[in-house]
Each structure stands twice: as C-alpha cells, then as structure tokens.
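Novice: Numbering (full-length UniProt numbering), first residue to last: 1 to 419. Even glycine gets a Cβ: it sits at the ideal position worked out from N, Cα and C. Okay, here's the structure, questions in a sec.
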Amino acid sequence: MDPGMQDTPQENQDKHSPEHEPVPDPSPADGSEKGEKQNWDDRVAERVTPVWRRIKVPLLVCILVILFFVAYLFDRIFINIYPGEAGVLWKRFDDGVEQRVYGGGLHIINPFNIMHKYEVRVQQLETRFTVLSKNGLIIRIRASVRFMPNRKTLYHLHEFVGPDYIERVVIPETQAVIRRVLGEYEPEDIYATQGNIIQNIVLMALSELQQRHIILDDLLIKEILLPDNVAESIEIKLQEEQKFLAYQYILEREKKEIERKQLESAGIKIFQQTINQGLTPEYLKYQGIRATLELAKSNNSKLVVIGNGGDGLPLILNTPSDALSAPVNPQMNGLQMNLPNNPSIPMSTDSIQSSAIANTAASNVNQDKNPIPPESPEPIPEEITRHKHTDAAKQLKEDELNGSLANQEQLQRKFKITF
1 MDPGMQDTPQ ENQDKHSPEH EPVPDPSPAD GSEKGEKQNW DDRVAERVTP
51 VWRRIKVPLL VCILVILFFV AYLFDRIFIN IYPGEAGVLW KRFDDGVEQR
101 VYGGGLHIIN PFNIMHKYEV RVQQLETRFT VLSKNGLIIR IRASVRFMPN
151 RKTLYHLHEF VGPDYIERVV IPETQAVIRR VLGEYEPEDI YATQGNIIQN
201 IVLMALSELQ QRHIILDDLL IKEILLPDNV AESIEIKLQE EQKFLAYQYI
251 LEREKKEIER KQLESAGIKI FQQTINQGLT PEYLKYQGIR ATLELAKSNN
301 SKLVVIGNGG DGLPLILNTP SDALSAPVNP QMNGLQMNLP NNPSIPMSTD
351 SIQSSAIANT AASNVNQDKN PIPPESPEPI PEEITRHKHT DAAKQLKEDE
401 LNGSLANQEQ LQRKFKITF
C-alpha cells in the first residue's frame, strides 16, 4: 500500500465516530430483524476473526502437547486395580504414603503420584534349606508356606517393609523358626514327635509374621532328609520296637485265648451235665428204633447185618446200585445153593424188614430197667463194599467165559460174599 494512501489517525477516528456510522435503511419489521442479525454477525466476525487468527496456531500446539502428555502418562493417571489386588498411593507433594487402601476398580490419580499394587490372595512358596539338630547332625528340609498380606494394614507393610516383603520377611522368618524348633530335638525324636514339632513351628511363625503385617495360612514340612546311615539305623530301631510291641500283643492274645477256652470248657461241662440228665437208656433205644424204621422205609438198596446181641438193633448199610445190578451167570439159575440153615439170616428184602422189626420189638420187651446201651459196630466203608462186589462180579464173568464150574463150593463162597 502506498504511504500516501494510508489514513491518518484523525481520519480513522472520524470513521469510527458515531457520525460516520452507517445509518440503517428504513424497512419493514422482518427486514429490520434480519438487518440487525446480520449486523450482529458482522460485528462478532469483525472482533473474533482477528483474535482467532492470532491464537489459532498456539492453541493447536497446546492441545497437541496436552494430548501427547496424556497419552504418555496414561498408565500413571488411569490406574486399574483388578480382583485379588489392593493399592497403596504414594503422594509426591504430600505426606508420602496415604493411610488408605484402594480396592478394585478404576482410579484417576495425579501423574506425579505412584500407585503400588499388592496381591492379597493366598500365595504359596516352597523353600529348601539345611538345619542342625541338637547333636550337630545336618538335616535337609523342604517346606511350603501359604501366606497373604494383611489387607487392613497394607499401607504399613508398604511403608516399613516394601513390595518385596517375600524375600525380606517371609522366607527368612520361616527358615529361622524351623531352625530354632528343630535344633532342640535329636534326629530320632523328630520322627517320633513330628506332629508336635509342626505345631510349634506354625505357632511361632504365625506370631513372627503377624508382627510384619503378614497373615500365615499354613506351614507344611514336606520332607525331612537325614544322612543315609542315620536314617537306616533309626528305621532298624523302629522296626525292632514294632516287633517287641507285636510280641506283647501276641502274649496278650494268647492269655485271652486261655481265658476263652476255660470259659468254653466250663460251658461245655455244664451243657453235658444238663443233657445227661435227660439221656436215659429208654430214650436212646426209642431214638434207635425210629432211625431204623426210617432207614428200612427207604427205597434205596441196603445191606443188613444181624447179630448185635439179643437187645441190639440191626445194622443197615446202603449199597451202591451198580454192585447189585452186576450180571449173574445164567448157569447159576438152576444151581441149588447149600447155605447153612440159619433162621437169623433173611433171604429177601421183605424178610429183612420183618426180621428187623420183630427183633426190635423183642429187644424192647425183654430189656431190663437199666440196660447198658450196646456199642454200635464199626460201619463198613462204602468204598470197600463196592470194590468187593465189583471184584466178585468180574471173577464170576471170567469163570463163565472159561466154562469152569467144577468147584461149586468156591462159587457158593463167592456168592455168599457178594450177598
């Protein structure tokens, strides 16, 4: 612009004076409102536009800087505390550790402050170390500790111990307590009183850790390893002690068995005395007659032996069916058997039964008032009788095949044996 064309300050003042302001044209009501609004917009634009032009660039720079810092410090401004965690806030421009425990959720803090997060769930730690027993023997221990920080006093734990409280407090205190307790016992006593030892260790460790704002859930001794020679000698000693206890138990059991047998024999004696009072000879004879009659009624084949005295009962033995069904020589059908004329030997089953009944009745009539019960003859084993019948039948068959029937007395004797 030409300097000669520039307006002087006086002219600029005259332009902005009320005299030089444009006079609005008279118009209807609608036209006047539109004109006023347009004039207002023009005035705002005239005043804001220069200001915006001056601050536009600095404002954009400031916004970008703020966004950059927000993005850079996002993790220090927006703090997420997840389930099973708790937070302790440290203020840079204040009193340091805030006496408050932050729970789970989203927390917005000053980026100059620091939020320390702690896991408040039950944690487990396994440790291995060596211990000296009372007599100086080295024992290897493997222990497991379950613990958690005290949520209510978490800020004290952070202030006096710090986030690495496991390495500073939990492990050293646990090992110190176990060494202190096991150092008072001999190696063989550790096996015998292991329950009391663990109880003492837990109580002492609970007291020590509670002073450090840590809650002890449990302390487990998983393994106690002694030197091989010591462990072997202890095992032998314990085995011998168990054998001694087993022998004591056997002696006590035998003593009880003696007492039991004494009581049993006394009971049997009383039982026999009671039974003998009712076992009269007449009652025994009556039971023998009933048994003989029941056996005589049976359809099975029998062998009857008569001749047990005048007052005795006949002896009836069962015989196998194969012996009685053995084949007989047809030539024997017409043979007259010269048996001794003994009326006491019946020749048929019916005669055997009638003879047994008659003999029993006669013995009941002629018995004395106090007869002595006859001894029962020893029964002939069934297997021996079967073999006799089978051998005799085989011999008869061989004689039939050979046609040798000269010796009738021998055949009669064999037939008598089979009968």
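What first and last residue would you give for the alpha helix (DSSP H) that runs through residue 244?
Specialist: Position 244 of the sequence shown, counted from the start, is the residue given in the question as residue 244. Unbroken alpha helix (DSSP H) run through residue 244: 228-276.
Novice: How many angstroms separate the CA atom of residue 220 from the CA atom of residue 155?
Specialist: Position 220 of the sequence shown, counted from the first residue, corresponds to residue 220. Position 155 of the sequence shown, counted from the first residue, corresponds to residue 155. C-alpha separation (whole angstroms): 29 angstroms.
Novice: Report the rounded CA-to-CA distance for residue 128 versus residue 230, giving the unit in angstroms.
Specialist: Within the sequence shown, the letter at position 128 stands for residue 128. Within the sequence shown, the letter at position 230 stands for residue 230. Using only the alpha carbons, I get a separation of about 20 angstroms.
Novice: Do residue 212 and residue 244 come within 9 angstroms of each other at the CB atom, strictly closer than that value?
Specialist: For the purposes of this step, residue 244 is taken as the residue at position 244 of the sequence shown. For the purposes of this step, residue 212 is taken as the residue at position 212 of the sequence shown. Against a cut-off of 9 angstroms, the Cβ pair of residue 212 and residue 244 comes out as no contact.
Novice: Tell me whether the beta-carbon of residue 79 lies closer than 9 angstroms to the beta-carbon of residue 55.
Specialist: Here the question's residue 79 lines up with position 79 in the sequence shown. Here the question's residue 55 lines up with position 55 in the sequence shown. 9 angstroms or more divides the Cβ of residue 79 from the Cβ of residue 55.
Novice: Using a 10 Å radius around the Cβ and a threshold of 16 neighbouring Cβ atoms, would you call residue 173 buried or exposed?
Specialist: Position 173 of the sequence shown holds residue 173. So residue 173 counts as buried.
Novice: Does the distance from the C-beta atom of residue 186 to that of residue 134 stay below 9 angstroms?
Specialist: Position 186 of the sequence shown, counting from 1, holds the residue named residue 186. Position 134 of the sequence shown, counting from 1, holds the residue named residue 134. Going by C-beta atoms, residue 186 is nearer than 9 angstroms to residue 134.
Novice: If you compare alpha carbons, which of 294, 233, 53, 113 is closest to residue 75?
Specialist: Here the question's residue 75 lines up with position 75 in the sequence shown. For residue 75, the nearest C-alpha among the options comes from 113.
Novice: Can you give me the C-alpha to C-alpha distance between residue 168 and residue 175, rounded to a whole angstrom?
Specialist: The residue you call residue 168 lines up with position 168 of the sequence shown. The residue you call residue 175 lines up with position 175 of the sequence shown. Cα to Cα, the separation comes out at about 12 angstroms.
Novice: Taking the straight line between their C-alpha atoms, what separation do you get for residue 82 and residue 100?
Specialist: Start at 1 with the first residue of the sequence shown, and residue 82 comes out as number 82. Start at 1 with the first residue of the sequence shown, and residue 100 comes out as number 100. Their Cα atoms are separated by approximately 17 angstroms.
Novice: Restricting to Cα atoms, I'd like to know which of 147, 291, 271, 131 is closest to residue 182.
Specialist: The count along the sequence shown starts at 1 and reaches residue 182 at position 182. Looking at the Cα atoms, 131 is the closest of the given residues.
Novice: Exposed or buried, what is residue 238 when buried is set at 16 or more other beta-carbons lying within 10 Å of its beta-carbon?
Specialist: The sequence position of residue 238 within the sequence shown is 238, counting from 1. Classification for residue 238: exposed.
Novice: Can you tell me which of 158, 191, 163, 205 puts its alpha carbon nearest to the alpha carbon of residue 179?
Specialist: In the sequence shown, the residue the question calls residue 179 occupies position 179. When each option's Cα is compared against that of residue 179, the closest is 205.
Novice: To the nearest angstrom, how far is the alpha carbon of residue 234 from that of residue 223?
Specialist: Numbered from 1 along the sequence shown, position 234 holds the residue referred to as residue 234. Numbered from 1 along the sequence shown, position 223 holds the residue referred to as residue 223. So the alpha carbons of these two residues sit roughly 16 angstroms apart.
Novice: If distances are taken between C-alpha atoms only, which option among 97, 96, 117, 98 comes closest to residue 106?
Specialist: Position 106 of the sequence shown, counted from the start, is the residue given in the question as residue 106. When each option's Cα is compared against that of residue 106, the closest is 117.
Novice: For residue 271 and residue 262, what's the separation of their Cα atoms in angstroms?
Specialist: Within the sequence shown, the letter at position 271 stands for residue 271. Within the sequence shown, the letter at position 262 stands for residue 262. About 14 angstroms.
Novice: Curious, which full-length beta strand (DSSP E) runs of at least 3 residues does the segment 149-234 contain?
Specialist: Runs of the beta strand (DSSP E) inside the segment 149-234: 214-225.
Novice: Residues bridged to residue 294 by DSSP?
Specialist: The residue you call residue 294 lines up with position 294 of the sequence shown. None; residue 294 has no bridge partner.
Novice: I need the DSSP call for residue 61, collapsed to helix, strand or coil.
Specialist: For the purposes of this step, residue 61 is taken as the residue at position 61 of the sequence shown. Note: residue 61 maps to helix in three-state DSSP.
Novice: By Cβ distance, which residues of its chain are closer than 6 angstroms to residue 87, with the 5 residues on each side in sequence left out?
Specialist: The residue labelled residue 87 in the question sits at position 87 within the sequence shown. So the list reads 81, 102, 115, 117, once near-sequence residues are dropped.
Novice: Are residue 177 and residue 147 closer than 9 angstroms when you measure CB to CB?
Specialist: Start at 1 with the first residue of the sequence shown, and residue 177 comes out as number 177. Start at 1 with the first residue of the sequence shown, and residue 147 comes out as number 147. No. Outside cutoff.
Novice: If I measure Cβ to Cβ from residue 373 and keep anything under 6 angstroms in the same chain, skipping five residues before and after, which residues do I get?
Specialist: Looking up residue 373 in the sequence shown gives position 373. With a pLDDT of 47 at residue 373, under the threshold of 50, the modelled position of this residue cannot be trusted; read the value that follows with caution. Closer than 6 angstroms at Cβ, skipping near neighbours: 281, 284.
Novice: From what residue to what residue does the beta strand (DSSP E) around residue 77 run?
Specialist: By 1-based counting over the sequence shown, the position of residue 77 is 77. First-last for residue 77: 74-77, but that is the alpha helix (DSSP H), not the beta strand (DSSP E).
Novice: State the DSSP-derived secondary structure class of residue 365, mapped to helix, strand or coil.
Specialist: Here residue 365 refers to the residue found at position 365 of the sequence shown. Note that residue 365 scores 39 on pLDDT, short of 50, meaning its location in the model is unreliable; the coordinates nonetheless yield the value given after this. Helix, per DSSP.
Novice: How would you label residue 298, buried or exposed, when you count the other beta carbons within 10 angstroms and need 16 or more for buried?
Specialist: Indexing the sequence shown from 1 puts residue 298 at position 298. Result: exposed.
Novice: Whole angstroms are fine: how far does the CA of residue 96 sit from the CA of residue 64?
Specialist: Within the sequence shown, numbered from 1, the residue matching residue 64 stands at position 64. Within the sequence shown, numbered from 1, the residue matching residue 96 stands at position 96. The alpha-carbon atoms of residue 64 and residue 96 are separated by roughly 32 angstroms.
Novice: Could you check what DSSP says for residue 91 in three-state terms: helix, strand or coil?
Specialist: Along the sequence shown, one-based indexing puts residue 91 at 91. Here residue 91 sits in strand by DSSP.
Novice: So which of 71, 256, 278 has the shortest CA-CA distance to residue 422?
Specialist: Only positions 1 to 419 of the chain appear in the structure, and residue 422 is not among them; the question remains open.
Novice: Indicate whether at least one CB of chain D lies closer than 9 angstroms to the CB of residue 94.
Specialist: You won't find chain D in this structure, because it holds only one protein chain.
Novice: To the nearest angstrom, how far is the alpha carbon of residue 119 from that of residue 150?
Specialist: Taking the sequence shown and counting its residues from 1, the one referred to as residue 119 is at position 119. Taking the sequence shown and counting its residues from 1, the one referred to as residue 150 is at position 150. Rounded to whole angstroms, residue 119 to residue 150 spans 10 angstroms at the Cα level.
Novice: Do residue 142 and residue 216 have their beta-carbon atoms positioned less than 9 angstroms apart in this structure?
Specialist: Here residue 216 refers to the residue found at position 216 of the sequence shown. Here residue 142 refers to the residue found at position 142 of the sequence shown. Not in contact: residue 216 and residue 142 (Cβ atoms no closer than 9 angstroms).
Novice: Near residue 157, which residues of its chain fall below 8 angstroms by C-beta distance, leaving aside the five closest residues on each side in sequence?
Specialist: Indexing the sequence shown from 1 puts residue 157 at position 157. Here the set comprises 118, 149, 150, 165, 212, 213, 214.
Novice: Taking C-beta to C-beta, are residue 170 and residue 218 nearer than 9 angstroms?
Specialist: As a first step, residue 170 must be located in the sequence shown, where it is residue number 170. As a first step, residue 218 must be located in the sequence shown, where it is residue number 218. No, the Cβ-Cβ distance between residue 170 and residue 218 is not below 9 angstroms.
Novice: Within 10 Å of its beta-carbon, does residue 274 have 16 or more other beta-carbons around it, so buried, or fewer, so exposed?
Specialist: Walking along the sequence shown from the start, residue 274 turns up at place 274. Its Cβ having fewer than 16 others within 10 Å, residue 274 is exposed.
Novice: Does any heavy atom of the ligand ZN sit closer than 8 angstroms to the C-beta of residue 165?
Specialist: As presented, the structure is devoid of all ligands, the ligand ZN included, so that no description of it is given.
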